[in-house]
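*Asks:* Going by my numbering, the residue at position 268 of the sequence shown is 269; the numbering climbs one at a time, nothing skipped.
For every residue, glycine included, the Cβ atom is placed at its ideal position computed from N, Cα and C.
Keep in mind the model is a prediction, meaning the values are calculated, not measured.
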Amino acid sequence: MNKWIIPQDWNAYGPAEHTMWDTLFARQVALLSNRAAPAFLEGLDVLRMSKPGIPDFTELSQRLQKATGWSVVAVPGLIPDEDFFENLANRRFVAGRFIRKPEQIDYLQEPDIFHDVFGHVPLLANPVFADYMQAYGQGGLRSMRYGSIHRLARLYWYTVEFGLIRDGAGLKLYGAGIASSAGESRFAIDSDSPNRLRFDLRRIMRTKYRIDDFQQNYFVIDSFDQLLRETQDTDFGPLYADLETQPEIEISAILPTDQVLTRGTQSHVARGSVDWNSRN
Ligand code: HBI
Ligand code: FE
Numbered sequence: 002m003n004k005w006i007i008p009q010d011w012n013a014y015g016p017a018e019h020t021m022w023d024t025l026f027a028r029q030v031a032l033l034s035n036r037a038a039p040a041f042l043e044g045l046d047v048l049r050m051s052k053p054g055i056p057d058f059t060e061l062s063q064r065l066q067k068a069t070g071w072s073v074v075a076v077p078g079l080i081p082d083e084d085f086f087e088n089l090a091n092r093r094f095v096a097g098r099f100i101r102k103p104e105q106i107d108y109l110q111e112p113d114i115f116h117d118v119f120g121h122v123p124l125l126a127n128p129v130f131a132d133y134m135q136a137y138g139q140g141g142l143r144s145m146r147y148g149s150i151h152r153l154a155r156l157y158w159y160t161v162e163f164g165l166i167r168d169g170a171g172l173k174l175y176g177a178g179i180a181s182s183a184g185e186s187r188f189a190i191d192s193d194s195p196n197r198l199r200f201d202l203r204r205i206m207r208t209k210y211r212i213d214d215f216q217q218n219y220f221v222i223d224s225f226d227q228l229l230r231e232t233q234d235t236d237f238g239p240l241y242a243d244l245e246t247q248p249e250i251e252i253s254a255i256l257p258t259d260q261v262l263t264r265g266t267q268s269h270v271a272r273g274s275v276d277w278n279s280r281n
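#1: Please give the ranges of any beta strand (DSSP E) in the stretch 21–92, keeping only runs that are unbroken, at least 3 residues long and fully inside the region.
#2: With a threshold of 8 angstroms between beta-carbons, can SER144 be considered close to chain C, or not?
#3: Does the ligand FE have even one heavy atom less than 7 angstroms from the beta-carbon of HIS19?
#4: Whose C-alpha, out of LYS209, GLY178 and THR160, is nearest the C-alpha of PHE200?
#5: Can you look up ASN12 in the DSSP assignment and give me helix, strand or coil?
#6: Is DSSP giving THR160 helix, strand or coil here?
#7: Per DSSP, what kind of secondary structure is LEU256 in: helix, strand or coil?
#8: Ignoring anything shorter than 4 residues, give me the alpha helix (DSSP H) runs that lie fully in the stretch 203–268, in order along the chain.
#9: Can you tell me whether PRO248 sits near the ligand FE, meaning its C-beta is under 7 angstroms from at least one heavy atom of the ligand?
#10: DSSP three-state label for ALA126, please.
#11: Quick check: the Cα distance between GLU43 and THR246, rounded to an integer number of angstroms?
#12: Go ahead and label ALA9 buried or exposed: buried means 16 or more other beta carbons lie within 10 angstroms of its beta carbon, across all protein chains shown.
#13: For ALA154, verify whether its CB is less than 7 angstroms away from any heavy atom of the ligand HBI.
#14: Determine contact between the stretch 176–194 and the stretch 221–236, defined as no fewer than three beta-carbon pairs at a distance below 8 angstroms.
#15: Which value, in whole angstroms, describes the spacing of the CA atoms of GLU18 and VAL270?
#16: Taking the beta carbon of ILE255 as the centre, do at least 16 other beta carbons fall within 10 Å, making it buried, or is it exposed?
#17: Suppose only complete runs of 3+ residues qualify. What are the beta strand (DSSP E) ranges in the stretch 151–202, listed by chain order?
#18: Assign VAL95 to one of two classes, buried (16 or more other C-beta atoms within 10 Å of its C-beta) or exposed (fewer than that).
#19: From the DSSP output, in three-state form, read off PHE119 for me.
#20: With a CB to CB cut of under 7 angstroms and the five nearest residues on each side skipped, what residues in its chain are close to ARG187?
#21: Within its chain, find whatever has a CB closer than 6 angstroms to the CB of PHE86; leave out the 5 residues flanking it on each side and keep chain order.
#22: I'd like to confirm the pairing. Which residues does DSSP put opposite PHE94 in its beta bridges?
#23: Taking GLN66 as the reference, which of ILE179, ALA126 and ARG36 has the closest Cα?
#24: TYR241: which of ILE205, ARG211 and GLN260 sits nearest, CA to CA?
#25: Among the residues of its own chain, which have a CB less than 7 angstroms from the CB of PHE26, if the five just before and after it don't count?
#26: Are the CB atoms of GLU104 and LEU79 within a distance shorter than 8 angstroms?
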């Protein structure tokens, strides 16, 4: 269903909006050069995203189509889960077209074009990650029939939004919620506060998450192949049924079965800094 898709109306952006993009872009690229997964940085390059100003979705989609067959389309804001999944299943990434105001530079609640496009789109140029996102959309549509959307939403949160990867290059970030945030891109990689646990699909699907501050827990994959393989090879019907028999896991809990890469001090939380601006 394409009922939410609207024109980007690129000509309607004013100079202040393009400048906001350029400011955010320069700040993130400086932070990410040694913190983001190589595939993320390659995506920025392949898609020519360093071109000044807010990207034009038509042009961006042409490059993306060539790389992996994905396109980027504009929507007015958050759309219902079913429509969101349906677009992903068809290799269309839906993005907000508005950009944050200067007073929101460090935090806003609704995803804007900088989060959606800078954060999410570079990895869609990676063939394996591109397939994972499509598999996620297909899994999302299936999860609706099982009443298990919340399980899949957790998987999205702990991978697509806040995922870390540990490859030959060491610990790197790839989640869009981290990559588009100046504060969290430093926190997720450099801080001794959060726990960093090895990726575990079933465990993630039982774990709550927080939307109001930096994460207390990050899950670390070995490769995008691992992510795709585990998602494609899992029969979600029996998995969801099984998970219903198991307790939920509190945000920063560490279980005896966890593979702990970093046991966090949780000092960020202990400071009681549930301050919206502390996100950045
Ligand atoms: N809509 N525009 C937009 N962007 C999102 O990231 C989004 C959405 N609708 C639903 C949704 N995300 C999530 O609920 C799913 O990932 C579970
Ligand atoms: Fe996002």
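*Replies:* Based on what the coordinates show:
#1: 72–76
#2: Judged by its chain identifiers, the structure shown contains no chain C, having just a single protein chain.
#3: no
#4: THR160
#5: helix
#6: helix
#7: coil
#8: 225–234 and 237–244
#9: no
#10: coil
#11: 42 angstroms
#12: Note on residue identity: the sequence assigns Gln, not Ala, to residue 9. Answer is buried; the Cβ neighbour count reaches 16.
#13: yes
#14: no
#15: 34 angstroms
#16: exposed
#17: 165–168, 171–174 and 196–199
#18: buried
#19: helix
#20: LEU32
#21: GLY138, GLY141 and LEU142
#22: VAL73
#23: ALA126
#24: ILE205
#25: PHE119
#26: no
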